[in-house]
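Enquirer: Quick one: this structure, given as structure tokens, is what I'll be asking you about.
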Amino acid sequence: MLRIALAAVAALMIGPGVALAQQGPLRIEITDGVIEPLPFALPQFVAETGDAGQMAADITAVISSDLTGTGLFREIPQSAHIQRFSAFETPVSYADWQAINAQALIVGGVSMAGGKVVVKFRLFDIYSGQQLGEGQQLAASSGSWRRLAHKVADVIYSRITGESGYFDSRVVFVSETGPKNARLKRLAVMDYDGANVQYLTDSSTIVLAPRFSPTGDRVLYTTFETGFPRIKMLNVGNVSAQLLPEIPGTMTFAPRFSPDGTSIVYSMEQGGNTDLWKMGVNGSGAARLTNSPAIETAPSYSPDGSRIVFESDRSGTQQLYIMPAGGGEPTRISFGEGRYGTPVWSPRGDLIAFTKQHAGRFHIGVMRTDGSEERLLTASFLDEGPTWSPNGRVIMFSRESSGAGGSSQLYSVDISGRNLKAVSSGGAASDPAWSPLLP
Amino acid sequence: MTFAPKAMILLAVLGLAACNNPDKYGAGSGVVDPGGAYGDGGISQGSISDPNSPAYFAATVGDKILFAVDQSTLSPEARTTLAGQAQWLAAHPQYSAIIEGHADEQGTREYNLALGARRANSAQEYLISQGVAGTRLRTVSYGKERPLAVCSTEDCYAQNRRAVTVISLGAGS
């Protein structure tokens with residue numbers, strides 16, 4: 001009865017007994033149809049050395065937060081568990097977990113020695129009564145324990161969904177303080193879940209729209225430090241930054257890396273008109289990509305680097321266009337009511353996320369790269385600036401409240417439109433940009 | 001309601017004049033002071049009653065023109081104000097100006113930067129057409145980053161869709 005209901009409602013079950021872990025019976029298909037979260041049990045990881053108790057508890061909590069935060073998984077509280085694990089090797093009593101309707105069980109152990117943390121874990125498919133995939137062991141310095149937990153959660157997510165995870169990743173954003181007419185902004189970076197906020201600039205000048213390099217080691221952003229918008233490239237490791245060259249008397253902004261990390265596409269304003277340009281990351285070889293009296297801005301490369309999606313008001317209002325990466329005739333892809341801006345190509349290549357303005361409201365939405373199947377995921381007074389999770393399943397964006405006391409906060413939403421939630425960032429924040437999965 | 005915005009404009013002039021004159025104040029200080037974006041940047045603005053002062057320019061000649069939603073074309077009122085600015089600049093060749101373009105919050109960040117640049121350029125071109133040397137003028141866009149009025153209704157938006165001519169000492173580039 002229960003198994004039938006679960007299979008029917010959630011479409012989670014695939015044929016049993018397949019050898020490969022990735023195609024095993026415990027499986028979530030991440031489509032628009034996942035409504036019923038998969039119940040999992042996560043006993044606190046076993047402390048295998050005397051001093052590892054707190055670390056084991058902390059790591060278990062982060063794994064739980066990662067999985068439940070997706071909206072795809074529901075944790076069965078530890079108080080309901082029947083079997084208790086006194087050792088990592090304790091054999092699993094499948095009946096005890098079936099009795100509380102767990103579908104997945106995660107068992108782990110944590111040990112500490114010489115400033116290092118070692119985590120090992122196993123994932124079990126309760127209904128088929130077998131382990132899903134090999135057990136794994138990961139080690140890191142104790143200061144990086146959260147990353148260990150995220151990596152464990154990424155493996156579990158990946159084994160159950162068949163897709164790569166996104167938990168071991170970071171977000172660069174603009175931290176905001178001060179009143180609306182004198183807002184102070186500074187760059188900050190944090191773990192995807194809001195932990196470990198680190199400030200990368202002071203708030204002595206306006207900074208906007210940071211973007212990670214494909215390897216996550218550098219950030220492009222726009223700064224007013226010269227008095228005029230200019231593009232700067234920051235090394236995340238040593239927090240040093242340098243202005244990129246520009247033609248005197250122009251403004252440059254809206255930069256983004258190419259997928260191979262060798263070039264930058266950006267907007268340059270000359271004589272009141274804004275066009276798209278590109279240059280090498282070393283600042284050489286600036287070349288014009290568009291040449292029209294309209295505004296062309298907010299460019300974003302396709303993951304294979306062959307095309308660029310951008311916004312232009314050449315039709316009279318802001319709309320989305322795609323052109324070859326070297327320039328050339330653009331094709332308009334947005335045709336719905338309202339205005340479309342800030343397009344960002346999904347890392348999977350299949351969708352383009354955008355900001356839409358219509359009838360006094362702002363929306364985050366997605367459409368196919370030919371403009372079909374437009375879906376709006378959010379609606380508010382002011383939502384803008386989507387950025388993709390590394391696996392292309394979640395979108396983070398800024399949401400600003402209205403009025404004199406209005407302030408901006410980060411939100412995330414699944415591409416299904418579900419699981420809309422605020423993202424912690426240690427205060428008001430805007431312009432998030434998600435890193436790739438960390439190495 | 002009429003006094004408060006003018007006071008804010010004047011303060012903005014002080015702060016941004018400092019901000020946009022790195023040659024005079026050193027590149028290191030070419031930033032908005034974190035404690036007061038609208039603080040005194042060190043330029044004497046003089047008295048509002050002194051027709052030769054930047055303070056008079058801001059308050060009496062009018063340093064600000066307004067735009068319709070998503071537009072950068074100049075209204076008749078804007079042209080009148082700009083013509084007055086051009087006359088004042090002609091009589092005070094020791095000053096140059098930076099024209100700031102601004103947008104209301106109803107738009108995406110990058111687009112509003114580009115829109116502000118269009119507005120600043122419209123004002124600059126009109127000033128040039130009225131005889132001001134282009135070498136005395138520069139433009140900058142703040143997009144929606146520096147609203148003058150902070151409410152989220154058309155009353156405030158109308159004040160924020162603006163170009164502001166900020167006077168500073170120096171004959172320009």
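Chains A and B are the protein sequences, given in the same order.
Quick note on our numbering: the first sequence kicks off at 1 and runs consecutively.
Quick note on our numbering: the second sequence kicks off at 1 and runs consecutively.
Backbone N, C-alpha and C fix where the C-beta goes; we use that ideal spot for every residue, glycine too.
Take every Cβ of the stretch 273-288 of chain A, pair it with every Cβ of the stretch 333-348 of chain A, and state whether three or more of those distances are shorter than 8 Å.
Expert: No, the stretch 273-288 of chain A does not touch the stretch 333-348 of chain A.
Enquirer: So that I know if they touch, is there some Cβ in chain A lying closer than 8 Å to that of Pro147 of chain B?
Expert: True, the Cβ-Cβ gap to chain A drops below 8 Å.
Enquirer: Name the chain A residues whose beta carbon is nearer than 7 Å to that of Glu154 of chain B?
Expert: None at all; the shortest Cβ gap to chain A is about 11 Å.
Enquirer: Quick one: list the residues of chain A neighbouring Leu113 of chain B, beta-carbon separation under 9 Å, in chain order.
Expert: Result: Leu208, Thr222, Pro229, Met251, Phe253, Ala254, Ser267, Glu269, Thr274, Thr297.
Enquirer: Alpha carbon to alpha carbon, how far is Gln45 of chain B from Ala55 of chain B? Give it in angstroms, no decimals.
Expert: Each residue's alpha carbon lies about 5 Å from the other.
Enquirer: Compare the C-beta of Ser141 of chain B against all C-beta atoms of chain A and say whether one is closer than 8 Å.
Expert: Answer yes: the Cβ-Cβ gap between Ser141 of chain B and chain A drops below 8 Å somewhere.
Enquirer: Just to confirm the assignment, what range does the beta strand (DSSP E) spanning Pro245 of chain A have?
Expert: Unbroken run through Pro245 of chain A: none, as it is neither H nor E.
Enquirer: According to DSSP, is Glu78 of chain A helix, strand or coil?
Expert: In the sequence on display, residue 78 of chain A carries Gln and not Glu. In the structure shown, Gln78 of chain A sits in a helix (DSSP, three-state: H, G or I).
Enquirer: Could you tell me which chain B residues have their CB closer than 7 Å to the CB of Ala404 of chain A, listed as they occur along the chain?
Expert: Under the 7 Å cutoff, chain B gives Val150, Cys151.
Enquirer: Less than 8 Å between the C-beta atoms of Gly392 of chain A and Pro436 of chain A, yes or no?
Expert: Cβ distance not < 8 Å, so Gly392 of chain A and Pro436 of chain A don't count as in contact.
Enquirer: Taking CB distances under 8 Å as the criterion, tell me whether Arg109 of chain B reaches chain A.
Expert: Yes, because at least one Cβ of chain A sits closer than 8 Å to the Cβ of Arg109 of chain B.
Enquirer: Using a Cβ-Cβ cutoff of less than 6 Å, which residues in the same chain neighbour Ala78 of chain B once the five nearest sequence positions on both sides are dropped?
Expert: So the qualifying residues of the chain are Ile65.
Enquirer: Are the beta-carbon atoms belonging to Ala182 of chain A and Cys151 of chain B less than 8 Å from one another?
Expert: No, these two residues do not count as a Cβ contact at 8 Å.
Enquirer: I need the straight-line Cα distance from Ala286 of chain A to Ala114 of chain B, nearest angstrom please.
Expert: Rounded to whole angstroms, Ala286 of chain A to Ala114 of chain B spans 19 Å at the Cα level.
Enquirer: Any C-beta of chain A sitting closer than 8 Å to the C-beta of Glu105 of chain B?
Expert: Yes, because at least one Cβ of chain A sits closer than 8 Å to the Cβ of Glu105 of chain B.
Enquirer: Between A:Leu26, A:Phe212, A:Ala428, A:Gly114, which lies nearest to Gln131 of chain A when the distance is taken from Cα to Cα?
Expert: It is A:Leu26.
Enquirer: To test your reading of the DSSP string, which unbroken beta strand (DSSP E) runs of 3 or more residues are found completely within the stretch 222-279 of chain A?
Expert: Listed in chain order, the complete beta strand (DSSP E) runs (minimum 3 residues) inside the stretch 222-279 of chain A are 230-235, 240-243, 251-257, 263-270.
Enquirer: Using CA atoms only, rank isn't needed, just tell me which of A:Gly261, A:Ile63, A:Leu376 is closest to His358 of chain A.
Expert: Closest option to His358 of chain A, Cα to Cα, is A:Leu376.
Enquirer: Listed in chain order, which residues of the stretch 352-386 of chain A have Cβ atoms closer than 9 Å to some Cβ of chain B?
Expert: Cβ contacts with chain B come from Thr355, Gln357, Gly360, Phe362, Phe381, Leu382, Glu384, Gly385.
Enquirer: By the criterion of Cβ-Cβ separation under 8 Å, what are the contact partners of Lys180 of chain A in chain B?
Expert: Neighbours of Lys180 of chain A on chain B, chain order: Pro147, Val150.
Enquirer: What's the C-alpha gap between Pro77 of chain A and Ala99 of chain A?
Expert: If you take the alpha carbons of Pro77 of chain A and Ala99 of chain A, they lie about 14 Å apart.
Enquirer: Using 8 Å as the cut-off, can you tell me whether the stretch 314-325 of chain A makes contact with the stretch 137-145 of chain B, which would need three or more C-beta pairs spanning the two stretches below that distance?
Expert: With the cut-off at 8 Å, the stretch 314-325 of chain A and the stretch 137-145 of chain B do not touch.
Enquirer: If you draw a straight line from the alpha carbon of Gln318 of chain A to that of Pro259 of chain A, how long is it in whole angstroms?
Expert: Each residue's Cα considered, the two are about 25 Å apart.
Enquirer: Tell me whether Val69 of chain B is buried or exposed, calling it buried when 16 or more other Cβ atoms sit within 10 Å of its Cβ.
Expert: Exposed, because fewer than 16 other Cβ atoms sit within 10 Å of the Cβ of Val69 of chain B.
Enquirer: When Cβ atoms are compared, which residues of the stretch 88-116 of chain A fall closer than 9 Å to chain E?
Expert: The structure shown has no chain E; the protein chains it does contain are A and B.
Enquirer: Quick check: what's the CA-CA separation for Val207 of chain A versus Thr226 of chain A?
Expert: Roughly 11 Å between the two C-alpha positions.
Enquirer: Find the residues of chain B that neighbour Gln318 of chain A, judging by a C-beta separation of less than 7 Å, and give them in chain order.
Expert: Chain B residues near Gln318 of chain A: Tyr111.
Enquirer: By the three-class DSSP mapping on this structure, what secondary structure does Ala188 of chain A have?
Expert: In the structure shown, Ala188 of chain A sits in a strand (DSSP, three-state: E or B).
Enquirer: According to DSSP, Glu384 of chain A sits in a beta bridge with which residue or residues?
Expert: Answer is A:Ser398.
Enquirer: Glu176 of chain A versus chain B: which residues are under 8 Å apart at the beta carbon?
Expert: Going along chain B, no residue has its Cβ under 8 Å from Glu176 of chain A, so there is no contact; the nearest lies around 11 Å.
Enquirer: Within the 8 Å Cβ cut-off, does Arg183 of chain A reach chain B?
Expert: So, interface residue.
Enquirer: Tell me which same chain residues have a C-beta within less than 8 Å of the C-beta of Gly26 of chain B, skipping the five on either side of it?
Expert: Low local confidence applies: a pLDDT of 29 at Gly26 of chain B is under 50, so the model's placement there is unreliable, with the coordinate-based value given in what follows. If we look at Gly26 of chain B and ignore the five residues flanking it on each side, it has no Cβ neighbours.
Enquirer: So Asp125 of chain A and His150 of chain A are in contact, right, with Cβ under 8 Å, and what is the actual spacing, rounded?
Expert: Their Cβ separation, rounded to whole angstroms, is 22 Å, which puts Asp125 of chain A and His150 of chain A out of contact at 8 Å.
Enquirer: Can you name the residues of chain A whose CB is closer than 9 Å to the CB of Arg118 of chain B?
Expert: Here the neighbours are Glu269, Gly272, Asn273, Thr274, Ile295.
Enquirer: List, in order along the chain, the chain B residues whose C-beta lies closer than 9 Å to that of Thr342 of chain A?
Expert: Within chain B, the residues near Thr342 of chain A are Thr108, Arg109, Glu110, Tyr111.
Enquirer: If you follow the alpha helix (DSSP H) that Ser129 of chain B is part of, which residue opens it and which one closes it?
Expert: 109-129 is the span of the alpha helix (DSSP H), which, as asked, contains Ser129 of chain B.
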